[in-house]
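When we follow the working numbering, the leftmost residue of the sequence shown carries the number 3, and every step to the right adds one.
All C-beta atoms in this analysis are idealised placements derived from N, C-alpha and C, irrespective of residue type, glycine included.
Keep in mind it's a predicted model, so treat the numbers as computed, not measured.
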Amino acid sequence: MMGAIILANLVLGVALGYALHRSRFCFAGAFRDFILFRDGGLLKALIISLMISTITFALIQYIYLIGDTTVPGNFYPIGLYTIVGGILFGIGMVIAGGCVCSIFLRFGEGFKLFTFVLLGLILGSLVGTLNYPWWEMNFTWVEPVYLAEILSWPIAIGSQLVLLWGLYKIVNRQENNMGGL
Numbered sequence: 003m004m005g006a007i008i009l010a011n012l013v014l015g016v017a018l019g020y021a022l023h024r025s026r027f028c029f030a031g032a033f034r035d036f037i038l039f040r041d042g043g044l045l046k047a048l049i050i051s052l053m054i055s056t057i058t059f060a061l062i063q064y065i066y067l068i069g070d071t072t073v074p075g076n077f078y079p080i081g082l083y084t085i086v087g088g089i090l091f092g093i094g095m096v097i098a099g100g101c102v103c104s105i106f107l108r109f110g111e112g113f114k115l116f117t118f119v120l121l122g123l124i125l126g127s128l129v130g131t132l133n134y135p136w137w138e139m140n141f142t143w144v145e146p147v148y149l150a151e152i153l154s155w156p157i158a159i160g161s162q163l164v165l166l167w168g169l170y171k172i173v174n175r176q177e178n179n180m181g182g183l
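Rendered as structure tokens:
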């Protein structure tokens, strides 16, 4: 049984790796290409993947909810560490030349520079993991917000999908417009 699970994970990993490699998918590249070249292809793909993820995770969580078990997922509070971490992560993506996904792709393609980038990613993740409790304890602003509890499941999921669809339409319009945002 364990061998079948490992084999299934290996096949899935190879298939996803191949798809990511062939598509040249990159979160940083999606924004870069749209801002610099008005090419919204990757950004629209990212938005569609967020829409699919919204529906998929909602279904998974709802199945657990109706089964009267703990809903899976981690909900964290917002704080200064969220902003600082986001800024540092963004700067790191620019310096590294891509997002984590593309770092793994470039490393797998044999780019020697990305050996060091991958080591930096691992080291940064380790440092962040080790000092996260200090940031959370000293710089938390608000408690975690779970929109499905506040708004109801249909409204929370529907509003997120409407927001993502609106972003998709904006990207599509700006891509065709070739003008400024």
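Whole-angstrom C-beta distance between residue j and residue i, which should lie under 8 Å
i	j	result
Y78	P135	The pair is not a contact, with the Cβ atoms about 12 Å apart (cut-off 8 Å).
I105	V119	5 Å
G160	G126	So it is not a contact: roughly 37 Å between Cβ atoms.
Cutoff 7 Å; reference residue i; Cβ partners in own chain excluding five residues on either side
i	result
L107	L22, H23
V73	Q63, Y66, L67
V144	P79, I80
F141	G81, L82, Y83
Contact check, residue i vs residue j, beta carbons under 7 Å
i	j	result
L45	V173	yes
L121	M53	no
I57	L166	no
E177	R40	yes
Test: residue i CB closer than 7 Å to a CB of chain C
i	result
F33	Protein chains in the displayed structure number just one, and chain C is not present.
Residues bridged to residue i (per DSSP)
i	result
G81	T142
Spatial neighbours of residue i in its chain, beta-carbon cut-off 8 Å, leaving aside the 5 residues before and after
i	result
G110	G19, H23
Residues of its chain near residue i, where Cβ-Cβ distance is below 6 Å and the 5 sequence neighbours each way are ignored
i	result
G100	C28, A30
Pairing CB atoms from the stretch 151-160 with CB atoms from the stretch 30-47, are three or more of them under 8 Å? No, the stretch 151-160 is not in contact with the stretch 30-47.
Tell me, please, whether the stretch 44-61 touches the stretch 152-171 by the rule of three or more beta-carbon pairs shorter than 8 Å. In short, these stretches touch, since the Cβ pair count reaches three.
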